[in-house]
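Residue numbers (my numbering): 586 to 784.
Structure below.
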């Protein structure tokens with residue numbers, strides 16, 4: 586029995602095989618492309634979004650750090666201003682109180698000697714002395730100290746010469762008497778001592 590030519594299997598043409606597109610080839614080999622696999626496209630999209638979020642997070646972090654630094658500087662500035670305002674207020678109170686201290690000291694300087702004080706006047710003198718001691722204690726607690734003057738060399742940073750007198754026993758510019766006590770608040774002069782110096 587003879588075989589019929591039409592019964593033979595059909596051999597594909599080589600041109601058809603070579604003209605097959607890469608997409609068709611990949612699909613035929615079981616390797617899905619990015620265009621055909623939506624999960625790969627989604628991953629690329631998510632990576633792009635992640636990079637954007639990281640960039641935005643870094644931007645917000647830098648802004649937060651700047652704001653925190655600005656706030657810290659603002660807080661320190663306000664603390665300094667508060668301390669300066671408090672210091673100025675204390676200084677003003679002390680300046681206003683010093684004339685009272687001067688008057689109390691003058692009163693005691695002109696008080697009679699202890700032996701000459703009558704029994705009626707004694708409580709008043711002792712009361713004034715107690716007021717003076719309390720004022721001096723309060724000033725010392727606030728950091729206020731009198732400026733040393735008598736017997737010292739004149740220093741324009743601390744003393745103000747209101748008069749010069751001949752004083753053979755003292756060197757020139759030596760303070761021989763104090764007219765008004767000067768005071769320091771810490772290291773700051775809040776009132777110069779008014780003094781009389783040797784010519």
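Heads up, the beta-carbon is just placed ideally off N, CA and C, and yes, glycines get one too.
With a contact defined as Cβ atoms closer than 8 Å, residue 676 and residue 761 miss out at about 30 Å. Counting other Cβ atoms within 10 Å of its Cβ, residue 695 stays below 16 and is therefore classed as exposed. In this structure, DSSP gives residue 778 an extended state, which the three-state scheme calls strand.
Residue burial is scored here from C-beta neighbours: residue 750 has fewer than 16 other C-beta atoms within 10 angstroms and is therefore classed as exposed. Assignment of beta-bridge partners to residue 731 by DSSP yields 768. Across the structure, residue 730 and residue 655 are spaced so that their CA atoms are roughly 39 Å apart. For the stretch 706-762, the full-length alpha helix (DSSP H) segments reaching 4 residues or more read 707-726 along the chain. Around the Cβ of residue 734, a 10 Å sphere holds 16 or more other Cβ atoms; the residue is buried. A Cβ-Cβ distance of about 5 Å is found for the pair residue 689 and residue 717, placing them in contact under the 8 Å criterion. The beta carbon of residue 680 lies closer than 8 Å to those of 775 and 776 in the same chain, with the five residues before and after it left out. Nearest to residue 764 by alpha-carbon distance, out of 747, 757, 752 and 756, is 747.
In this structure, the CA atom of residue 753 is about 11 Å from the CA atom of residue 759. Residue burial is scored here from C-beta neighbours: residue 628 has fewer than 16 other C-beta atoms within 10 angstroms and is therefore classed as exposed.
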